[in-house]
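**Student:** Residue numbers for the sequence shown follow full-length UniProt numbering, so the first one is 1 and each next one is one higher. Cβ coordinates follow ideal geometry from the N, Cα and C atoms, glycine included. Take this structure, written in structure tokens, and hold onto it; I'll ask about it next.
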Amino acid sequence: MDNSAPAAPSGARALDRRILALALPTFATLVSEPLLLLADSAVVGHLGTEPLAALGLCSNVLNVLVGLSIFLAYGTTGTVARRLGAGDRLAALSGGIDGLVLAVLVGVVLAVALELALPFVVGLYGVDPAIETLALRYLRVAALGLPSVLVLLAGTGVLRGLQDARTPLVVVVATNLVNIALNVTLVYGAGLGIAGSALGTLIAQTGAAVAVVVVVVRRTRAAGATVAFRPRGVAAVARSGGWLVVRTALLQAAVTTNTVVAAALGATALAAHQVIGGLWVLLAFALDAVAIAGQALIGSALGAGDVALGRALTRRMLGWGVVSGLVFGLALVVARPAYVGLFTPDPAVQELVGRVVLVVAAQAALAGVVYVLDGVLIGAGDARYLALAGLVSLALYLPVALLVRHLGVGLAWVWASYAVFMAARALTLGFRARGIAGFEWGPEGSGPGVVRDADPFRALRQAQGASRAQALQQAQGASRRKPFGGLGNREPSGCSLFGLSHLVAEQGEPALT
């Protein structure tokens, strides 16, 4: 059985078919996730403005923790895809099991830590006592679902790395349907209020995690891999995700800053911000579908040593990102009358949402570019640069956000200031993607630190009849170490996105134990 990646397609249409085969199911999966949040908002919103504001605060807390753990999905997708592209399905699935084990460990630690620190965490937002009480009530239940959420992330990453985007879609859609039914029943039928919403979501998330684990374990055993705890393998997954954690922490800092600035405007603004935040997540996840498909496709191409395919896929995905952003931005504006009233009966909140969504829609095309570039660079293994770019972008955004908070000019300006952060990300990621001459690249996750030939895979392509390993050795011979070096991550990485100056040679895989 040939476990190698598919041959590179020729022509734009063939590329589009490969991209859409993963992007469309991923789009549906990602869109359904914020729809889960929006469904919670609709159910809780009819309890009143204060419960809706509390849910907004809780969503931000949970999104920060889950967002910091996104490396479990992104890192696993790239690792599995590269190993699959190299023709080693056994190693791909073994790495996936390591990711699942790490997800359980991290999830338990986060759940315990959140339960212990809840009063302190909620107190940081400085909201009214009534909102704080409701937020504590919700989070005490929701924190118990963190292990399930993280397992679902890792399992989804494994499946996407295997080029399977349909199974996660089925699991997530079923989860959302169960969650909506449980929320309505527990919030109103059982009279549990906001705690009922948390309990319904907890039950649905646990079922989803179990389903994904069953699928991954079955495929692992079918491939002949062992389902076992491998400390070295788990440690390797944790190390490779380090820079992604830093990158995500910086992005979450920007999102949290946005929420804190909105919270200072009062309950009405915070309630409207919760609705707008859900719509932004819906938009962002829809755009990210192309980027996540790119993680799998580019990872597979790099595993197979197909540089030309990586470049071509990047160009096509950027085009899809811009078009998708324009379409979804327009849809947000046109559909305002249909969705604004679904989230709250409060006329003041409805009016504010209707105005601020125009600011969000204006950023949609820019967001399309940012999310695609981010996903492509994750697939290429350039996690260290992503962290550095996040630091620069946050440094540019924070003064603007703090100025808006000081002036108290309204929620529309809060979201307008967020466009500064998106523009900074577009510039920093675009700088990297265009391969500015003289920028030095190192091994995956280490960023600068190794000076390489402008195209170190040239030897790989020119090696007629040579084995892949021999060709890679020739390619790596074009490199010379700088004194400050890299961090020694050993995953294959790199993609000369536009045929310019940066492409990282393969470093080999960590040993499986």
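Can you tell me whether DSSP reads residue 131 as helix, strand or coil?
**Tutor:** Helix, per DSSP.
**Student:** On a Cα-Cα basis, can you pick out the residue from 201, 255 and 105 that is closest to residue 41?
**Tutor:** 201
**Student:** CA-CA distance, residue 196 and residue 181?
**Tutor:** 11 Å
**Student:** As an exercise, report each continuous alpha helix (DSSP H) stretch of at least 4 residues that is fully enclosed by the segment 165 to 212, in chain order.
**Tutor:** 166 to 184
**Student:** Where does residue 328 fall in DSSP's three states?
**Tutor:** Residue state, collapsed to three classes: helix.
**Student:** Cα-Cα, which of 331, 309 and 30 is closest to residue 11?
**Tutor:** 309
**Student:** What three-state label does DSSP hand residue 227 in the structure shown?
**Tutor:** coil
**Student:** With DSSP collapsed to three states, give me the class of residue 264.
**Tutor:** Three-state result, residue 264: coil.
**Student:** On the three-state DSSP scale, how would you describe residue 346?
**Tutor:** coil
**Student:** Run through DSSP, which three-state label would residue 70 get?
**Tutor:** coil
**Student:** Can you give the Cα-Cα distance for residue 517 and residue 374, rounded to whole angstroms?
**Tutor:** The shown model of the chain, from 1 to 513, leaves out residue 517, and the question about it has no answer.
**Student:** With burial defined as no fewer than 16 other Cβ atoms inside 10 Å of the residue's Cβ, what is the status of residue 185: buried or exposed?
**Tutor:** exposed
**Student:** Given this structure, state the Cα-to-Cα distance separating residue 488 from residue 424, to the nearest angstrom.
**Tutor:** Low confidence applies to residue 488: its pLDDT is 32, below 50, so where it sits in the model is not reliable, and the reading given next is rough at best. About 29 Å.
**Student:** Quick one: residues in its chain with C-beta nearer than 6 Å to the C-beta of residue 16, no 5 flanking neighbours on either side, listed in chain order?
**Tutor:** none
**Student:** Is the segment 50 to 68 touching the segment 132 to 139, taking contact as three or more C-beta pairs under 8 Å?
**Tutor:** yes
**Student:** Work out the CA separation of residue 153 and residue 226 for me, nearest whole Å.
**Tutor:** C-alpha separation (whole angstroms): 21 Å.
**Student:** So, under 8 Å CB-CB, residue 385 and residue 421 are touching, yes? Tell me the CB distance rounded to an integer number of Å.
**Tutor:** At roughly 17 Å, the Cβ-Cβ gap does not stay under 8 Å, so residue 385 and residue 421 are not in contact.
**Student:** Hey, would you say residue 552 sits closer than 8 Å to residue 272, going by beta carbons?
**Tutor:** Nothing about residue 552 can be reported from this structure: the residues present for the chain run from 1 to 513 only.
**Student:** Report yes if the C-beta distance between residue 383 and residue 247 is below 8 Å; otherwise report no.
**Tutor:** yes
**Student:** Given this structure, state the Cα-to-Cα distance separating residue 80 from residue 91, to the nearest angstrom.
**Tutor:** 8 Å
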